[in-house]
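Visitor: Just add 111 to the spot in the sequence shown (first one is 1) and you have this note's numbering.
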Amino acid sequence: MKIDAIETYLVEQALETPFYFSQFEFRTRQICLVKVIAEDGSYGWGEGYGPATVVKAGVEFLAPLAVGEDPLQVEAIWSKMHLRALDYARRGVLVAAISAIDIALWDLRGKLLGQPVSTLLGGRRRERVKVYATGMYFTHSGDLTGKLVEEARLYASQGFRALKMKVGLGLETDVKHVRAVRQAIGADLQLMVDANHAYSLSEALRFARQVEELDISFFEEPVSPEDYEGYRELRRRASIPIAGGECEYLLAGFRQLLSMRCVDIAQPDICGAGGLTETKRIAALAYAFQTNVIPHSWGTGIAFAAGLHLVSTLDIVPGRLRMPEAMLEMDRSENALRDTLTQPQFKQVDGAVDVPTAPGLGVDVDPEYLAQYARAD
Ligand SMILES: [Mg+2]
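Below you can see the structure in the form of structure tokens.
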């Protein structure tokens, strides 16, 4: 069996309500999907994280390296793509293009072998994965604090046991928002904050001290992803667990983050950091550093399915009778692509989602929605 073709699809949706975070504003959701097709017509789906037009160009550059190869030889194809990209892309969107093709290959390999991806990754430790709701972005609504509180209450009423909110607008505003949300949801739910690297080290320290009493489960991307020293210093001095890694790439990037003891929780994005092949290695490295992995997840059901399969196979540290829970991010911000493009849809019940059991990733793309959202170039 050989790989016959690799197709890219640029899908786009204009948001009804644009939202922003500490770095920029989203007016559309745009994603590059990848379909790897084998000679017999069977296929696998993947997607890349990052600017979709650039991911698409990257996939088109790399695709000839995979076409004609045996789709079961996933890691060998990964190595070929990585070697071709290394001189230009030790980080960045070309790695996301590798990731997109790699995820599609895992999906295809699972379908060809009749096994779910989690089995191919080494086997599930859990059938359901705890998820946390990501939302509470900023909008131009008059009463932003009220809007954040309302959204937090909505997630709590839907059954989520853990929520993550955005910070990074300025210390005073951020502290006010976090206090209001914690007060609204009570003490029982986990609450996390994400600054998307908006703070300097001193600001991050002051913020951490001011919200320390609010039982924050982790403080994500406090400082610049380039500031490894800043991460390390913050982690030494703050009592809140520090998380990061969504802007980190490949095993080598995570080696730096982990060996410098920058984070308590590593957050590779499977669609950006090197696909399932490389994220499995990153998870092994994190395990060696006694650091848990909670993948960053942003995109369609394909990205989320890849996350579910990977997290279902993670060993969590420290090992003990009552193990800490594994967890995955579940983006709840407006995204019709995520909510319509793939079937079946993932349902959160009691704060967790079932890991798909069908061969491959266990999701398929709906051709009608694909045609509806495909960007005409
Ligand atoms: Mg984040």
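Here a beta-carbon is modelled for each residue, glycine too, at the ideal position from N, C-alpha and C. Computed from a predicted model, the values in this text were never measured in an experiment.
1. Using the C-alpha atoms, what's the distance from Thr256 back to His288?
2. Quick one: does the C-beta of Glu332 sit closer than 7 Å to a heavy atom of ligand 1?
3. So for Leu425, helix, strand or coil by DSSP?
4. How is Leu275 classed by DSSP in three states: helix, strand or coil?
5. Taking just the CA atoms, how far does Gly161 sit from Asp442?
6. Below 8 Å on the Cβ atoms is my contact criterion, and I expect Ala215 with Val206 to pass it. Report the Cβ-Cβ distance as a whole number of Å.
7. Does the beta-carbon distance from Leu419 to Val240 come in below 8 Å?
8. Tell me which residue opens and which closes the alpha helix (DSSP H) that Ile480 is part of.
9. Any idea what DSSP makes of Glu331, helix, strand or coil?
10. Report the residue ranges of all alpha helix (DSSP H) runs contained in full by the stretch 233-302; include only those spanning at least 4 residues, in chain order.
11. Comparing the CB of Glu357 with every heavy atom of ligand 1, is any distance shorter than 7 Å?
12. With Met192 as the anchor, note down where its alpha helix (DSSP H) starts and where it stops.
13. Compute the minimum distance between the beta carbon of Asn446 and the heavy atoms of ligand 1, and state whether it is under 7 Å.
14. Given 7 Å as the limit, tell me if Asp305 has its C-beta closer than that to any heavy atom belonging to ligand 1.
15. Of the choices Glu357, Asp218, Val170 and Ser311, whose alpha-carbon is the least far from that of Pro406?
16. Consult DSSP for Ala397 and reduce its assignment to one of helix, strand or coil.
17. Once you ignore the five residues that flank Lys275 on each side, which residues in its own chain have a CB closer than 8 Å to its CB?
18. Nearest chain D C-beta to Ile209 closer than 8 Å, yes or no?
19. Following the continuous beta strand (DSSP E) through Val147, name the residue where it begins and the one where it ends.
Guide: Walking through what the data contain:
1. C-alpha separation (whole angstroms): 6 Å.
2. yes
3. DSSP places Leu425 in coil when its eight states are reduced to three.
4. Just to set this straight, residue 275 is Lys in the shown sequence, not Leu. Here Lys275 sits in strand by DSSP.
5. 15 Å
6. 15 Å between Cβ atoms; not a contact.
7. Taking 8 Å as the Cβ cut-off, Leu419 and Val240 qualify as a contacting pair.
8. Checking the sequence shown, residue 480 turns out to be Tyr, not Ile. Pro478 to Tyr484 is the extent of the alpha helix (DSSP H) around Tyr480.
9. strand
10. 255-269 and 282-296
11. yes
12. The continuous alpha helix (DSSP H) containing Met192 extends over residues Val185 to Ala196.
13. No; taking the cut-off as 7 Å, the Cβ of Asn446 has no heavy atom of ligand 1 nearer than that.
14. yes
15. Glu357
16. Note: Ala397 maps to helix in three-state DSSP.
17. Tyr243, Ala244, Thr245, Gly246, Met247, Leu302, Met303, Val304, Asp305, Glu331 and Glu440
18. Of the protein chains in this structure there is only one, and it is not chain D.
19. Glu136 to Ala149
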